[in-house]
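A.B. asks: If you scroll down you'll find the structure; I have some questions about it.
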Amino acid sequence: DAYVDLQQYFALWDAARKRLEEAFGHRVSLEIEPGRYLVAESGYLVSEIRAIKKMGANTFYLLDAGFNNLARPILYGSYHPISLAPRSGPDERPMHDVVVGGPLCESGDIFTQQEGGYVCSRSLPVASVGDFLVLECAGAYGSVMASNYNSKPLAAEVLVREGQVRQIRARQTLDDLIRGEELTSDLSAGT
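For any residue, its number in this note's numbering is found by taking its place in the sequence shown, counting from 1, and adding 441.
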């Protein structure tokens, strides 16, 4: 997304506010929710390429993360910059067009789609299974919209501050996933 000049929006709002206050005879205020503006660029989803698949004219990088980790692309076609973090080999690689998808059993589990679910490709470096893709600008509405879809555990979260790395949320375990579920004796296997 392009940089947003808040001063320009403030000037427009302030002019409108003054006209409204004059017309209504009382103070008018504006409430905003600036979460995405403040934190989008602070989060990244790091995912491993688990498979590279050719289907028709498309090459797919299939990741170990899906819309259960980052739902914005499937919900409204949001664009997230994607970069390669190679496990080994040269950092500089030739580019080619790829579609980036996840492991879920849904045809819409695609990170490179436009609004309306239209699958599109991105120009990304040639990669190998085991390399990592970094989905950028995932700090807003990333983990808070994450789910356990397909019984996938929530990802761990780490904070990197002044070169120090600290885990701030542990990866969910199988026990975490099934906590709170109970089978009564009449539904247990073998009865």
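By construction, the Cβ of each residue, glycine as well, lies at the ideal position given by its N, Cα and C atoms.
1. Under the DSSP definition of a beta bridge, which residues are partnered with aspartate 538?
2. Across the segment 484-491 and the segment 571-586, are there enough close Cβ pairs to call them in contact, namely three or more that are closer than 8 Å?
3. Could you tell me whether the segment 456-463 touches the segment 548-563, using the rule of 3 or more Cβ pairs below 8 Å?
4. Do the CB positions of leucine 615 and isoleucine 609 come within less than 8 Å of each other?
5. With H, G and I counted as helix, E and B as strand and the rest as coil, what does DSSP make of serine 570?
6. If you run the structure through DSSP and keep just helix, strand and coil, what is valine 480?
7. Which residue comes first and which comes last in the alpha helix (DSSP H) that contains phenylalanine 552?
8. Measure the CB-CB distance between glycine 580 and valine 480 and report whether it falls below 8 Å.
9. Helix, strand or coil for arginine 403 per DSSP?
10. What span of residues does the beta strand (DSSP E) with tyrosine 502 cover, start to end?
11. Could you tell me whether the Cβ atoms of leucine 545 and asparagine 589 are closer together than 8 Å?
12. Can you give the Cα-Cα distance for leucine 617 and glutamate 598, rounded to whole angstroms?
13. What does a CB cutoff of less than 8 Å around lysine 495 pick up in its chain, not counting 5 residues either side in sequence?
14. Could you tell me which residues DSSP pairs with valine 487 in its beta bridges?
C.D. replies: On the basis of the data shown:
1. Counted from its first residue, the sequence shown places residue 538 at position 97. Note: aspartate 538 sits in a beta bridge opposite Ser564.
2. yes
3. no
4. Numbered from its first residue, the sequence shown carries residue 615 at position 174. Numbered from its first residue, the sequence shown carries residue 609 at position 168. Taking 8 Å as the Cβ cut-off, leucine 615 and isoleucine 609 do not qualify as a contacting pair.
5. Within the sequence shown, the letter at position 129 stands for residue 570. The residue you asked about is not serine; residue 570 is valine in the sequence shown. It is coil, neither helix nor strand.
6. In the sequence shown, counting from the first residue as 1, residue 480 sits at position 39. Helix.
7. The residue given as residue 552 occupies position 111 in the sequence shown. Run containing phenylalanine 552: none; DSSP gives neither H nor E here.
8. Locating residue 580 in the sequence shown gives position 139, counting from the first residue. Locating residue 480 in the sequence shown gives position 39, counting from the first residue. Contact flag set, yes.
9. Only positions 442 to 632 of the chain appear in the structure, and residue 403 is not among them; the question remains open.
10. By one-based count along the sequence shown, residue 502 stands at place 61. Counting along the chain, the beta strand (DSSP E) containing tyrosine 502 begins and ends at 499-504.
11. Counting from one through the sequence shown, the residue named residue 545 turns up at place 104. Counting from one through the sequence shown, the residue named residue 589 turns up at place 148. The answer is no: Cβ separation not under 8 Å.
12. By one-based count along the sequence shown, residue 617 stands at place 176. By one-based count along the sequence shown, residue 598 stands at place 157. The sequence given here places aspartate at residue 617; leucine does not occur at that position. Whole-angstrom Cα-Cα distance: 16 Å.
13. One-based indexing of the sequence shown puts residue 495 at position 54. So the list reads Phe501, once near-sequence residues are dropped.
14. In the sequence shown, residue 487 corresponds to position 46, counting from 1. Answer by DSSP bridge pairing, in chain order: Val575.
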